[in-house]
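Heads up, the sequence shown is in the numbering used here, so the first residue is 5 and it goes up one at a time. Note that beta-carbon positions come from the ideal geometry of N, C-alpha and C, so glycine has one too.
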Amino acid sequence: MTTVEVVWRGLDDESRLDVASVEFDADGGFVATGRQSTERYRAQWDLVVDSSWRTRLFTVDVEGHAPSSAAEDLDAPDETGGSPEPVWQRHLNLWRRDEGSRSVWRCESGESGDVPGDFGPIGIADDALELFVESLDVDLAGCPLTNTMPIRRLGVDAAGVGERPITTAWVSLPDLAVIPSAQVYSSGPEGLSDIASALDDRVVSVVHYRSATRDVSVDLAVDAHGLVVTYPELAARIDVD
């Protein structure tokens, strides 16, 4: 086992922090736990990925706070000595199993408190499960950690790998809706890895990522574990004390 601690700061939202502790197995895959915090909510999650770099289990709990609660203050005690009380809470369990060449996803969910009126249903509706039969990955909104599974499974952190289309189970935050997300991974442009490595010695390769669902097309700088170092316009790794 190799344990890696990573922190990303949001580039599109400087109040957002993503923190993850990842235990990589020598035979492939990992077990990870982490959180995402912003001025509006805090999400705590756990992720199990098998030796073929496919999601097996994902659990996430989200607490919504008053807008004045800054992300860095979500762990701080309030005036009464406790943590700030959440205005609402949502919970989602997702797990995946293989049936031949198909993925079968199941989910459990719940909520409490004053949930915002513009939130839709949590998770995957029963009549939408067929849309995820080719999905092997959970993709958590705003969290670069969940790019690691397709990067490692598809081998696009090596040079010369062409486009590899996939569909992920994209989990929206903070409402925890799950939608199918069409994405394409490939090796980054020739020579860009050398440039990126010269600028940041954590970087060993560059991966090109495109999401048709969310109109995103970027080059991801990644480290030796396949963890994102820089995700343009979304997040960048910061040093862990």
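Neighbour-count burial assignment, residue i, 16 or more Cβ in a 10 Å radius
i	result
residue 29	exposed
residue 203	exposed
residue 185	buried
residue 90	buried
residue 221	exposed
residue 199	exposed
residue 5	exposed
residue 125	exposed
residue 197	buried
residue 209	buried
residue 67	buried
residue 104	exposed
residue 14	buried
residue 219	exposed
Per DSSP, cross-strand counterpart(s) of residue i
i	result
residue 214	188 and 221
residue 233	None; residue 233 has no bridge partner.
residue 24	10 and 38
residue 150	Bridge partners of residue 150: none, in fact.
residue 49	38 and 64
Chain-order list of residues whose beta-carbon lies under 8 Å from that of residue i (same chain, five-residue window excluded)
i	result
residue 143	150, 151, 172, 173, 174, 175, 185 and 187
residue 162	191 and 209
Neighbourhood of residue i by C-beta, 7 Å cutoff - its chain only, sequence neighbours within 5 removed
i	result
residue 114	95
residue 107	100, 136, 137, 138, 139 and 140
residue 25	7, 9, 36, 37 and 38
residue 190	160, 165, 166, 167, 168 and 212
residue 17	42
Own chain, CB closer than 6 Å to residue i, minus 5 neighbours either side, in chain order
i	result
residue 234	225 and 240
residue 236	222
residue 121	none
residue 123	179
residue 183	174
residue 62	51, 98 and 142
residue 119	92
Short CB-CB distance (under 9 Å) between residue i and chain B
i	result
residue 49	Going by chain labels, chain B is absent from the structure shown, which holds only one protein chain.
Can you find at least 3 beta carbon pairs, one from the region 46 to 63 and one from the region 156 to 174, that sit closer than 8 Å? In short, these stretches touch, since the Cβ pair count reaches three.
Taking only runs of the beta strand (DSSP E) that begin and end inside the region 153 to 210, which ones reach a length of at least 3 residues, in chain order? Counting whole runs of 3 or more residues, the region 153 to 210 contains the beta strand (DSSP E) stretches 168 to 175 and 182 to 191.
Which runs of the beta strand (DSSP E), 3 residues or longer, sit entirely within the region 89 to 114? For the region 89 to 114, whole beta strand (DSSP E) runs of length 3 or above, ordered along the chain, are 92 to 103.
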